[in-house]
């Protein structure tokens, strides 16, 4: 004899089924909404992290790359949540279309994060060169200043040279030392200051190089991981391989399962 346990418990099977469907719909909507919010937050971080726009400035290119890397986790989580919302059996047709569009966008996002790797290296090298050029110009200026002082033959010429500096040096009305002794003192001070600046510039250059190598390695690896993450969502149709699986299969790191096995 077959008994209906749901009837014995006083529960309506139809009502219970409708309740489960309602919960699945609510869960699907919640996943989709939170996912879109995460994606929106990531996009806002990219937009505001890219302002003001200076396309040809390598510092701006590094700034944009950093903005994409900072927003990558939020974008990935948002994409995961939206795609998870599609997995519910009660998913609406508009949500399925939205997910398909999102998967297509993920293909371009994966490519973008791969492109960011050489962009960061190229822009970082340009920034290092600009800083080195500025320091080289400063050192050249001090060398030129030293030669100009050495070429002076009297007090008036020395006053003229010192007065042409970006921050003019005003000498007292009357020198308390013979001109030759005073000029040697000025040269000695300038040479000492130049050597100190050259040492500081070299230390700053080494520190920038170390920071660049560390940051470039970190950012490039993160860009590669984000590219792999977005590539995992690029599935043109249900059951098809994602872009990441195609790449892994190409290198022999992934073997797709055959139907019926």
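Residue numbers (our numbering): 163 to 423. Heads up, the beta-carbon is just placed ideally off N, CA and C, and yes, glycines get one too.
Alpha helix (DSSP H) runs contained entirely in the region 171-239, provided each spans 4 or more residues: Every alpha helix (DSSP H) of 4 residues or more that sits fully in the region 171-239 is shown, in chain order, as 175-211.
Looking only at its own chain, which residues have a Cβ that is under 7 Å from the Cβ of residue 378, when we skip the five neighbours before and after it? Translated into the one-based positions of the chain shown, residue 378 becomes position 216. Within the same chain, residue 378 has close Cβ partners 282, 283 and 286.
Have a look at residue 236 and residue 304 and give me their C-alpha separation to the nearest angstrom. The residue labelled residue 236 in the question sits at position 74 within the chain shown. The residue labelled residue 304 in the question sits at position 142 within the chain shown. A direct Cα-to-Cα measurement between residue 236 and residue 304 gives close to 50 Å.
Taking the alpha helix (DSSP H) that residue 351 falls in, what are its first and last residues? What you label residue 351 is simply residue 189 of the chain shown in a count that begins at 1. Element bounds for residue 351: 341-393.
Residue 395: which of 386, 387, 406 and 385 sits nearest, CA to CA? Residue mapping note: residue 395 aligns to position 233 of the chain shown, counting from 1. Among 386, 387, 406 and 385, the Cα nearest to that of residue 395 is on 406.
What are the boundary residues of the alpha helix (DSSP H) that includes residue 426? Residue 426 is absent from the model: the chain starts at 163 and stops at 423.
Within 10 angstroms of its Cβ, does residue 343 collect 16 or more other Cβ (buried), or is it exposed? To locate residue 343, count along the chain shown from 1; it is residue 181. It is exposed - the Cβ of residue 343 has fewer than 16 other Cβ atoms within 10 Å.
Of all the options 218, 219, 225 and 197, which has the alpha carbon lying nearest to the alpha carbon of residue 209? Numbered from 1 along the chain shown, position 47 holds the residue referred to as residue 209. The option with the nearest alpha carbon to residue 209 is 225.
I need the boundaries of the alpha helix (DSSP H) containing residue 329, first residue and last residue. As a working note, residue 329 is residue 167 in the chain shown. Element bounds for residue 329: n/a, residue is neither H nor E.
For residue 331, which residues in the same chain have their Cβ closer than 6 Å to its Cβ, ignoring the five residues on either side in sequence? By one-based count along the chain shown, residue 331 stands at place 169. Cβ neighbours of residue 331 beyond the five flanking positions: 324.
Out of curiosity, what's the CA-to-CA distance linking residue 218 and residue 288? Residue mapping note: residue 218 aligns to position 56 of the chain shown, counting from 1. Residue mapping note: residue 288 aligns to position 126 of the chain shown, counting from 1. Cα to Cα, the separation comes out at about 11 Å.
Is it a yes or a no for the region 362-381 touching the region 253-260, going by three-plus beta-carbon pairs under 8 Å? No: the two stretches stay apart, fewer than three of their Cβ pairs being nearer than 8 Å.
Secondary structure of residue 249, DSSP reduced to three states: Translated into the one-based positions of the chain shown, residue 249 becomes position 87. Under the three-state reduction of DSSP, residue 249 is assigned to coil, being neither helix nor strand.
State the CB to CB distance for the pair residue 244 and residue 212, rounded to an integer number of angstroms; the pair is presumed to be in contact (CB under 8 Å). Position 82 of the chain shown, counting from 1, holds the residue named residue 244. Position 50 of the chain shown, counting from 1, holds the residue named residue 212. The C-beta distance from residue 244 to residue 212 rounds to 24 Å, too long to fall under 8 Å, and the pair is not in contact.
Would you report the Cα separation of residue 367 and residue 341, rounded to the nearest angstrom? For this step, residue 367 is matched to residue 205 along the chain shown. For this step, residue 341 is matched to residue 179 along the chain shown. Distance between the alpha carbons of residue 367 and residue 341: 38 Å.
The region 346-355 / the region 308-325 touching (three or more Cβ pairs under 8 Å): They touch, by the three-pair rule.
Excluding five sequence neighbours on each side, which residues of the same chain lie with their C-beta closer than 6 Å to the C-beta of residue 356? By 1-based counting over the chain shown, the position of residue 356 is 194. Within its own chain, the residues whose Cβ lies closer than 6 Å to the Cβ of residue 356, once the five positions on either side in sequence are excluded, are 304, listed in chain order.
Report yes if the CB atom of residue 279 is closer than 8 Å to the CB atom of residue 382, and no otherwise. In the chain shown, the residue the question calls residue 279 occupies position 117. In the chain shown, the residue the question calls residue 382 occupies position 220. Cβ atoms of residue 279 and residue 382: closer than 8 Å.
Classification of residue 168 by the beta-carbon crowding that lies within 10 angstroms, buried from 16 upward: Along the chain shown, read from residue 1 onward, the residue named residue 168 stands at position 6. In this prediction, residue 168 has a pLDDT of 47, which is less than 50 and means its spatial position is unreliable; nothing more can be read from the coordinates.
Can you tell me where the alpha helix (DSSP H) holding residue 337 begins and where it ends? Taking the first residue of the chain shown as 1, we reach residue 337 at position 175. Where residue 337 is concerned, there is no enclosing alpha helix (DSSP H), given that its DSSP letter is neither H nor E.
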